[in-house]
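Asker: I have a structure here, written as structure tokens, and I will follow up with some questions on it.
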Amino acid sequence: MRVDAMSSPSPAPIATAPTPYRAAWPLLLGLIGLDYFSTLAYQPSIAFQAAGVLAPLATAALVLLTMLGALPIYAYVAGRTSPGHGSFSLIEKNVDGWRGKIMILVLLGFCATNFVFTRTLSTADAAVHVVNNPQPQWQAKLDSWADAGREARDWIDHPAWHKVCDFWNRQLVTTLLLLMLNFLFWPVIWYGFTKRMVRVSLVLVGIFVALTVVILASGMLHLIRHPDLWANWWQQVRGGDWQVQKPLWSGTDGGSLFGMAMWLLPKLALGLSGFEMSLIVMPVVRGGNPDDPSAQAGVAANTRKLLLASAAFMSLLLLGSALVTTLLLSGSSLLTPGEAHERALAYLAHGGTLADGRPATVLNPLFGRTFGTLYDIVTILVLCLAGASVSLGLRSVLPKFLARFGMELRWAKAIGLIYIVFNVFNLIITMVFKASVEAQRSAYAVSVLALMAAAGYAVSLDLKSLGGFWARLKSIPPLAMALVFSWMIVAIFIRNPSSLVIAGLFIATIVGSSFVSRWLRASEYRFAGFEFKTERDRELWDAVRSLEYSVLVPHRPGGQHTLEKKEQAIRRRHRIHDDVPVIALEVMVDDPSDFMQKPLMEIASQDRRYCIRITKCASVAHVIVAVGLEFSKVGEPPEIHFGWSEGSPFVNTLKFLLLGEGNIPWLVHDLLRRHESDPVKRPRVIVG
932 MRVDAMSSPS PAPIATAPTP YRAAWPLLLG LIGLDYFSTL AYQPSIAFQA AGVLAPLATA
992 ALVLLTMLGA LPIYAYVAGR TSPGHGSFSL IEKNVDGWRG KIMILVLLGF CATNFVFTRT
1052 LSTADAAVHV VNNPQPQWQA KLDSWADAGR EARDWIDHPA WHKVCDFWNR QLVTTLLLLM
1112 LNFLFWPVIW YGFTKRMVRV SLVLVGIFVA LTVVILASGM LHLIRHPDLW ANWWQQVRGG
1172 DWQVQKPLWS GTDGGSLFGM AMWLLPKLAL GLSGFEMSLI VMPVVRGGNP DDPSAQAGVA
1232 ANTRKLLLAS AAFMSLLLLG SALVTTLLLS GSSLLTPGEA HERALAYLAH GGTLADGRPA
1292 TVLNPLFGRT FGTLYDIVTI LVLCLAGASV SLGLRSVLPK FLARFGMELR WAKAIGLIYI
1352 VFNVFNLIIT MVFKASVEAQ RSAYAVSVLA LMAAAGYAVS LDLKSLGGFW ARLKSIPPLA
1412 MALVFSWMIV AIFIRNPSSL VIAGLFIATI VGSSFVSRWL RASEYRFAGF EFKTERDREL
1472 WDAVRSLEYS VLVPHRPGGQ HTLEKKEQAI RRRHRIHDDV PVIALEVMVD DPSDFMQKPL
1532 MEIASQDRRY CIRITKCASV AHVIVAVGLE FSKVGEPPEI HFGWSEGSPF VNTLKFLLLG
1592 EGNIPWLVHD LLRRHESDPV KRPRVIVG
């Protein structure tokens, strides 16, 4: 039997939070699409650059990985975690102690990398659409801004200044201006995933997808009417004219083509982005009546529908875009900046030149400057809002876990420091990578794959924890998918070592700042009340702390002395009269990596001798302080008697921070002084 006893100091009244906005799952496709569907702006040209003529086959392999790998993993996560917690909570549940906390901190570093690069890469590609739009008014303004940077080169005659000015070109200045444009969306996203945010994203993404479908449908109809284009493409595939570097084992038979498609998967990894955002918006998914106990199951079921719908629709769009661009556009246009490179669908929308030399207006007479500019504007808005919305994801995920670990600087959150810091990161990354989509995509892909590999591993662990042969058997596929995603990370790292180094910098920042915050917050009360093993323990607790005067003596379980001998030694050395009750405290640390604690209490009594045994603790010193303060509420403050602790102060401090013990007498005195300002009500600490 367990009885909650919230005997900690009464907290200040908290205002009732407003009911969070929830929407039917189809309406949330817009929020998912900001991160997921927006990759269509650059993915087709990336697919050709990575896979050449094999881009449709490699994209088909990506679709299989999405539907058979990523989708089942995240569907399972949606049903086994609280809304918005994602795969991190499965790791927290199945990996104990500091090992689990550090794993989550590392994943939060990858998560921060993901969100930051989503913003910088999306904004950089939005700049590509601005820079390459043929509207004369746009180009004149861009020229004037670029000229201003070149003129500034003469202001200071120093190589460092000249190097900075050399960065200044049309692409960079446009990207920086669009990053500033993101701030215009801040009034929309400041309050989180509200009804206004859902509506704005749904309208924008809806228009973007509708225009994209027009482009792809026009291209597919043209391909259907001209079967010779299919035949020519297949002849290139079977002839080995792939326009991409081939491994030594490559061939043109079916097995070799499948192997080649799988081999090219890491280069197309950006097509997998969006699943983490799907779980972040889970708290907004309507699951039925909130008062109904089955509502949570409804949220999970509707989130799975959202995942399936977005993955299936995106798979069709990816396949269609790969076929249309690869079969209709020339390789040179897809690889040449200023043409279809990083804007293949927009190039078609503007009526760009097809591989046969004819304009894309033969696909659809709507195509041209007006339709293309409309597509550019909508694409730019979607990409910019995608970058802005990830700030919400960062704000939802990062503080949620850091706060539970005691690793969040509350004042930093209050002044929005996290948002400011990551905006600075955005500017630095944009400058370092010269606002290049191609230069940023490897680091972005590594973060996407790392989160997916972690999700597969977390699902495998959770299935194993269920026990039984079938559960262990079911744990194999997600673990295999985690290995596939890990292999893709290794492949990207081999080609571009800096991609993992960049993620490592974010991880080091998250881990370092988190441990500094934990150290600064270590002296907080960190106590949420006691639980009691039985009702009798609760009654004894009320009786013991009501004694007129008592002495608390911490005792290490399994130590050199029995309780009886320790009591005799304490009475003799500290000159305690036989009539004064001496109450032993046995505090056993469970998981020192936890921050807040709600210990479990059991009380043994014999011949006026009491022993309070407390388990499920994160810190010995905090529990002793909590016991002392609880005694002070109903009677005279007790004395807490210690012996001198051995060991160096530095080692004992580390033991306290990491293991929950060490420097206990000094820490108990310091914590009591911090949390009880009245010396009369404060328990006395005696060390001898």
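When you line the sequence shown up against the working numbering, it's residues 932 to 1619, in that order. All C-beta atoms in this analysis are idealised placements derived from N, C-alpha and C, irrespective of residue type, glycine included. All figures in this text were calculated on a predicted structure; none of them were measured in a lab.
Could you tell me whether the Cβ atoms of phenylalanine 1139 and threonine 1310 are closer together than 8 Å?
Answerer: Yes, they are a contact pair.
Asker: Nearest by alpha-carbon distance to tyrosine 1621: which of Trp1401, Glu1270, Ala1374, Ser1406 is it?
Answerer: A query on residue 1621 cannot be resolved here, the shown segment of the chain reaching from 932 to 1619 and no further.
Asker: Would you mind reading off the limits of the beta strand (DSSP E) that contains methionine 1519?
Answerer: Taken as a continuous stretch (DSSP letters only), the beta strand (DSSP E) holding methionine 1519 covers 1513-1520.
Asker: So, helix, strand or coil for proline 1224, using DSSP?
Answerer: With a pLDDT of only 49 at proline 1224, under the threshold of 50, the placement of this residue in the model should not be trusted, and no figure is reported.
Asker: Measuring CA to CA, which of Ser1264, Gly1205, Ala1280 is closest to isoleucine 1146?
Answerer: For the residues Ser1264, Gly1205, Ala1280, the minimum Cα distance to isoleucine 1146 belongs to Ala1280.
Asker: What does threonine 1012 pair with, by DSSP beta-bridge criteria?
Answerer: Beta-bridge pairing links threonine 1012 to no other residue.
Asker: Can you tell me whether DSSP reads serine 1550 as helix, strand or coil?
Answerer: Correct three-state label for serine 1550: coil.
Asker: Between which two residues does the alpha helix (DSSP H) carrying histidine 1153 extend?
Answerer: Its alpha helix (DSSP H) spans residues 1126-1156.
Asker: Less than 8 Å separating the beta-carbons of phenylalanine 1332 and phenylalanine 1019?
Answerer: Yes, Cβ-Cβ distance for phenylalanine 1332 and phenylalanine 1019 is below 8 Å.
Asker: Are there 16 or more other CB atoms within 10 angstroms of the CB of glutamine 1068, so buried, or fewer, so exposed?
Answerer: It is exposed - the Cβ of glutamine 1068 has fewer than 16 other Cβ atoms within 10 Å.
Asker: From which residue to which residue does the beta strand (DSSP E) around proline 1485 run?
Answerer: Run containing proline 1485: 1482-1485, per the beta strand (DSSP E) assignment.
Asker: Alpha carbon to alpha carbon, how far is histidine 1600 from valine 1212?
Answerer: Spanning the two alpha carbons is a distance of roughly 45 Å.
Asker: Looking only at its own chain, which residues have a Cβ that is under 6 Å from the Cβ of phenylalanine 1562, when we skip the five neighbours before and after it?
Answerer: Excluding sequence neighbours, phenylalanine 1562 sits near Arg1476, Pro1569.
Asker: Under the three-state reduction of DSSP, which class applies to histidine 1060: helix, strand or coil?
Answerer: It is helical.
Asker: Quick one: using the 10 Å Cβ neighbour count with 16 as the cut-off for buried, is valine 1230 buried or exposed?
Answerer: Label assigned to valine 1230: buried.
Asker: Is the beta carbon of aspartate 1468 closer than 8 Å to that of methionine 1532?
Answerer: Cβ atoms of methionine 1532 and aspartate 1468: closer than 8 Å.
Asker: Thinking just about the alpha-carbon of each residue, which of Met1193, Gly1262, Leu1199 is nearest to the one in glycine 1288?
Answerer: Considering only alpha carbons, the answer is Gly1262.
Asker: Tell me the rounded alpha-carbon separation between methionine 1128 and arginine 1235.
Answerer: Using only the alpha carbons, I get a separation of about 21 Å.
Asker: Take lysine 1126 and list the residues in its own chain whose beta-carbon comes closer than 7 Å to its own, dropping the five residues that flank it on each side.
Answerer: Around lysine 1126: Tyr952.
Asker: DSSP three-state call for isoleucine 1545: helix, strand or coil?
Answerer: Of the three classes helix, strand and coil, the one that applies to isoleucine 1545 here is strand, per DSSP.
Asker: How is threonine 1284 classed by DSSP in three states: helix, strand or coil?
Answerer: Correct three-state label for threonine 1284: strand.
Asker: Need the endpoints of the beta strand (DSSP E) that isoleucine 1617 sits in, please.
Answerer: It spans 1615-1618 - the beta strand (DSSP E) in which isoleucine 1617 sits, taken as one unbroken run.
Asker: Kindly indicate which residue of Ile1033, Trp1401, Leu1358 has the alpha-carbon position closest to the one of proline 1050.
Answerer: The residue asked about is misnamed: residue 1050 is arginine in this sequence, not proline. That would be Leu1358, whose Cα lies nearest to the Cα of arginine 1050.
Asker: Alanine 972 and leucine 1314 - do their beta-carbons sit closer together than 8 Å?
Answerer: Against a cut-off of 8 Å, the Cβ pair of alanine 972 and leucine 1314 comes out as a contact.
Asker: Hey, could you find the ends of the beta strand (DSSP E) phenylalanine 1461 is sitting in?
Answerer: Where phenylalanine 1461 is concerned, the enclosing beta strand (DSSP E) stretches over 1461-1463.
Asker: Here's a check: name, in chain order, each residue in its chain whose Cβ is nearer than 6 Å to the Cβ of tyrosine 1541, leaving out the five neighbours to either side.
Answerer: Closer than 6 Å at Cβ, skipping near neighbours: Val1475, Ile1514.
Asker: Who are the near neighbours of isoleucine 963 in its chain, counting only those whose CB is closer than 8 Å to its CB and skipping five residues on each side?
Answerer: Gly1205, Met1208, Ser1209, Val1212, Leu1237, Ser1241, listed in sequence order.
Asker: Sorted by chain position, which residues of the same chain lie with C-beta nearer than 7 Å to alanine 992's C-beta, five sequence neighbours on each side aside?
Answerer: Contacts found: Ala1192, Met1193, Leu1196.
Asker: Please list, in chain order, all residues of the same chain as isoleucine 1595 whose beta carbon is under 6 Å from its beta carbon, the five residues on each side excluded.
Answerer: The residues are Val1551, Ala1552.
Asker: Answer with buried or exposed for proline 1224, where buried requires no fewer than 16 other C-beta atoms within 10 angstroms of its C-beta.
Answerer: Residue confidence for proline 1224 is low, a pLDDT of 49 falling below 50, so the modelled location carries little weight; the figure read from the coordinates is stated next. Label assigned to proline 1224: exposed.
Asker: Taking just the CA atoms, how far does leucine 995 sit from leucine 1250?
Answerer: Approximately 11 Å between the Cα atoms of the pair.
Asker: Taking C-alpha atoms, which residue in Leu1471, Gly1460, Asp1609, Val1611 lies nearest to lysine 1547?
Answerer: Nearest C-alpha to lysine 1547: Gly1460.
Asker: Rounded to whole angstroms, what's the CA-CA distance from alanine 1058 to isoleucine 1423? Just pull it up for me.
Answerer: Going by the C-alpha atoms only, they are around 25 Å apart.
Asker: Can we say the stretch 1024-1038 touches the stretch 1361-1379, given the rule of at least three CB pairs closer than 8 Å?
Answerer: In short, these stretches do not touch, since the Cβ pair count stays below three.
Asker: Here's the rule: buried if 16 or more other CB atoms are within 10 angstroms of the residue's CB, otherwise exposed. What is valine 1377?
Answerer: Flag for valine 1377 reads buried.
Asker: Just to check, is the beta-carbon of alanine 1389 closer than 7 Å to a non-hydrogen atom of the ligand SAH?
Answerer: The ligand SAH is not among the ligands present in this structure, which contains no ligands whatsoever.
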